[in-house]
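The next block holds one structure in the form of structure tokens; read it before the comments.
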């Protein structure tokens, strides 16, 4: 299935969040070594549900998202909602926005989609430069 939990640890680490910071953010309910082993896929047993609030804080996601990641990584179960992996954390964040801010979010998303479509359309195209003939 996947390594959703470990992938989140890896993503945060690549952004500069250290294992020390992760341990501190979860009130040291999990050690620096545990976070490092999670990165290297060396943790074989899933964290207990009582830890989810602490892990959510360290992973910068909701408790529900922690439960989803644990279910996927250790049980091979994933929610059947067809949300792509790279959008799962964002969906959780969007649940907390004010309804009045939805139009602004939609505008931003549309701009990003347009940018992606334009970049995708230009990939692979060869740019041909035409020289003007001397008169």
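In this note's numbering, the protein residues as written are 1 to 135. Glycine included, each C-beta is placed from N, C-alpha and C at the ideal position.
| said: I'd like the ranges of any alpha helix (DSSP H) spanning at least 4 consecutive residues and lying wholly in the stretch 31-97. | reply: 32-39, 52-59, 63-75 and 88-94
| residue 74 versus residue 25 - alpha carbon distance | 23 angstroms
| When the Cα atoms are used, what is the spatial distance from residue 6 to residue 81? | 21 angstroms
| query | For residue 77, is the classification buried or exposed, using 16 other Cβ atoms within 10 angstroms of its Cβ as the cut-off for buried? | reply | exposed
| said: Out of 91, 70, 61 and 46, which one is the CA nearest neighbour of residue 4? | reply: 70
| For residue 22, which residues from the same chain have a beta carbon less than 6 angstroms from its beta carbon, with the 5 sequence-adjacent residues on both sides left out? | 35 and 58
| message | For residue 109 and residue 67, I'd like the C-alpha separation in whole angstroms. | response | 27 angstroms
| said: Is it buried or exposed, residue 43, if we count other Cβ atoms within 10 angstroms and call 16 or more buried? | reply: buried
| field | residue 55 vs residue 47 beta-carbon contact at 9 angstroms | value | yes
| query | Contact check, residue 152 vs residue 29 under 8 angstroms by CB: the rounded distance? | reply | In the structure as shown, the chain begins at 1 and stops at 135. Residue 152 is therefore absent and cannot be evaluated.
| For residue 83 and residue 8, believed in contact at Cβ under 8 angstroms, the rounded distance | Going by Cβ atoms, the distance from residue 8 to residue 83 rounds to 15 angstroms, so no, they are not a contact pair.
| message | Using 9 angstroms as the threshold, is the C-beta distance between residue 2 and residue 106 below it? | response | no
| task | Closer than 6 angstroms by C-beta to residue 27: which residues in its own chain qualify, once you throw out the five before and the five after it? Chain order, please. | result | 54
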